[in-house]
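A.B. asks: Chains as they are written, first to last, in the numbering used here: chain H, 116 to 335; chain X, 1240 to 1592. For each residue, glycine too, the CB sits at the ideal point set by N, CA and C.
1) Using the beta-carbon of each residue, which ones in chain H are nearer than 8 Å to residue 1271/X?
2) Measure the Cβ-Cβ separation of residue 303/H and residue 270/H and say whether it is below 8 Å.
3) Please state whether the Cβ-Cβ distance between residue 1337/X and residue 1447/X is less than 8 Å.
4) Checking 8 Å against the spacing of the C-beta atoms, do residue 1253/X and residue 1275/X come in under that value?
5) To which residues of the same chain is residue 284/H closer than 6 Å at the C-beta, ignoring the five residues directly before and after it?
6) For residue 1572/X and chain H, any beta-carbon pair shorter than 8 Å?
7) Using 8 Å as the threshold, is the C-beta distance between residue 1531/X and residue 1492/X below it?
8) Which residues in chain H sit within 7 Å of residue 1292/X, going by Cβ to Cβ distance?
9) Is it buried or exposed for residue 1364/X, if we count other Cβ within 10 angstroms and need 16 for buried?
10) Cα-Cα, which of 243/H, 267/H, 257/H is closest to residue 230/H?
11) Is it buried or exposed for residue 1580/X, if we count other Cβ within 10 angstroms and need 16 for buried?
12) Just mark residue 1450/X as buried or exposed, buried being the case when its beta carbon has 16 or more other beta carbons within 10 Å.
13) Can you tell me whether residue 1309/X is helix, strand or coil according to DSSP?
14) Residue 1518/X bridges to which residues according to DSSP?
15) Residues of chain H with a CB under 8 Å from the CB of residue 1246/X: which are they?
16) Can the beta-carbon of residue 189/H be found less than 8 Å from the beta-carbon of residue 153/H?
17) Counting Cβ pairs closer than 8 Å, one from the region 1408-1416 of chain X and one from the region 1240-1250 of chain X, do we hit at least three?
18) Which residues of the region 1463-1496 of chain X have a Cβ closer than 7 Å to any Cβ of chain H? Give them in chain order.
19) By the criterion of Cβ-Cβ separation under 7 Å, what are the contact partners of residue 278/H in chain X?
20) So, residue 218/H versus residue 157/H, is the Cβ gap smaller than 8 Å?
21) Please report the straight-line C-alpha distance between residue 1351/X and residue 1325/X, rounded to a whole angstrom.
22) Within the continuous alpha helix (DSSP H) that includes residue 1394/X, where are the two ends?
23) Give every residue of the same chain whose Cβ lies closer than 6 Å to the Cβ of residue 1566/X, excluding the five residues on either side of it in the sequence, and list them in chain order.
24) Whole-angstrom Cβ separation of residue 1260/X and residue 1425/X, contact assumed at under 8 Å?
25) Taking residue 189/H as the query, report the chain X residues whose CB atoms sit under 7 Å from its CB, ordered along the chain.
26) State yes or no: is the beta carbon of residue 1281/X nearer than 8 Å to at least one beta carbon in chain H?
27) How about residue 1383/X and residue 1405/X: are their beta carbons less than 8 Å apart?
28) So, residue 278/H versus residue 244/H, is the Cβ gap smaller than 8 Å?
29) Under 9 Å Cβ-Cβ, which residues of chain X neighbour residue 242/H?
30) If you draw a straight line from the alpha carbon of residue 1314/X to that of residue 1303/X, how long is it in whole angstroms?
31) Chain H beta carbons: is any one of them nearer than 8 Å to that of residue 1410/X?
32) Output the boundary residues of the beta strand (DSSP E) element that contains residue 242/H.
33) Taking 8 Å as the threshold (C-beta atoms), are residue 1505/X and residue 1574/X in contact?
34) Would residue 231/H count as contacting chain X if we go by Cβ distances under 8 Å?
35) Thinking C-beta only, is residue 242/H closer than 8 Å to residue 1245/X?
36) Taking C-beta to C-beta, are residue 134/H and residue 214/H nearer than 8 Å?
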């Protein structure tokens, strides 16, 4: 896929932002040498970007994460190296922002510098199988709350509609009208529709701009 | 669109409670259960319900007492340290025979402990939720679907027996996401002639209270309550048996530990080891019957727990100390790996073969 220098991922919590972020970082790394992924999640206690630390490091991707992520220090801490993203214009960055308006607040700290440089995309990750964003209208509500909290405007949509391990090709195909509706009422283009590796083959000819994901973490 | 939705365990509890008719939630934030409160805060105002963030856990449990007195379905949720704070209120609810639903999404302890998952409140939930002689119905989900199912069941049992039902989950269950179906037929709640609903000048007023002025009356209320408990022990125990038909080694585990154990059992079976599992779904009443059946057949019981070994005591009692007992555990927020459980199975089977 084509990326700007900075890719911001925001959305309702549980939409799969972290998973999309990690996979986009992998994709970026195939195009650029200097790639950074930043975990700015100040909300979620478990299942963080840091869980993919070894895999990311092995691929030569720099992980910026609060040193408290995954520990018992239960405070909304920001990683101190995050200014690297706005200071070093040679690198490409994916920023995994925490869920909802509460998570998006964290972005406010570096948003002005990102806006000023104006080489970014802010992606709205959506999933119609989440109970509070089942239709376009409720999804729009979440979008407005996030934009208000972080003082940035979304530039495109990432349709990540899924039912976890049980997602079928049909579930993904059925989510397309929803994503189109969100696109219509928000005026934002759909950057891609994400699908898990196993069903990529069966949907790639049926949906525009399909982005294959490798599941990051799984509990049996 | 699929009938299922993708939910976090904490959200599944909150939505199932709403479906079960709960319109009153009182809580105080604590990791790893905060999503229950956050979900209720979003949903309750839209459906004419009440979400209230209390000034403390102690306040929240006493608000539960208030609403329960009026006969409405009511719940609160917290995590380990917060449940300790609610202990006094749980005892008062029991003393006044009030139905309520209390959620404990456990984290590591003791003390402030940590925010990672744990099962070390087993004793507290099943034996000592507060002072005095009382029991709570304790339900232990092992999937996001069960988080929802047992929430509905918890309300039904609470109303039926005028008791507190506790969902004893852990941080992993609260935070993990799985597809769930929330298609329930909700039975009408039983009549509550004891509730303080206003006399309309048509009846004597009801009193909800846990204070008895005469010791013999207090004794009588205790005895009556324990008659009810006896009936529950005989009729409400829930459990799952997994590959127990020909088992010589029996794993016992609940919640997240049972999922890890299942993976280990599958691996052990591939190696020809006859191992199965009894998974208690109700921790109180403890499912004694399936354990009694194993006496004389099982030589080793392996209790997989995220605690220093608490449920293992009930396993010994249920099997009348007839076998050997091994604890396979991790604590402090750590989870045993399938490999660790497999190693314990292989050792019980006489070493690596």
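C.D. replies: Result, derived from the coordinates:
1) 160, 161
2) yes
3) yes
4) yes
5) 314, 317, 318
6) yes
7) no
8) The premise fails here: residue 1292/X is roughly 14 Å from chain H at the closest Cβ pair, so nothing lies under 7 Å.
9) buried
10) 267/H
11) buried
12) exposed
13) coil
14) 1479/X
15) 129, 245, 246
16) no
17) yes
18) none
19) 1241, 1243, 1245, 1418
20) yes
21) 15 Å
22) 1383-1400
23) 1542, 1548, 1551
24) 6 Å
25) 1270, 1354
26) yes
27) no
28) yes
29) 1245
30) 6 Å
31) yes
32) Residue 242/H -> no beta strand (DSSP E), and no H or E assigned at all.
33) no
34) no
35) yes
36) no
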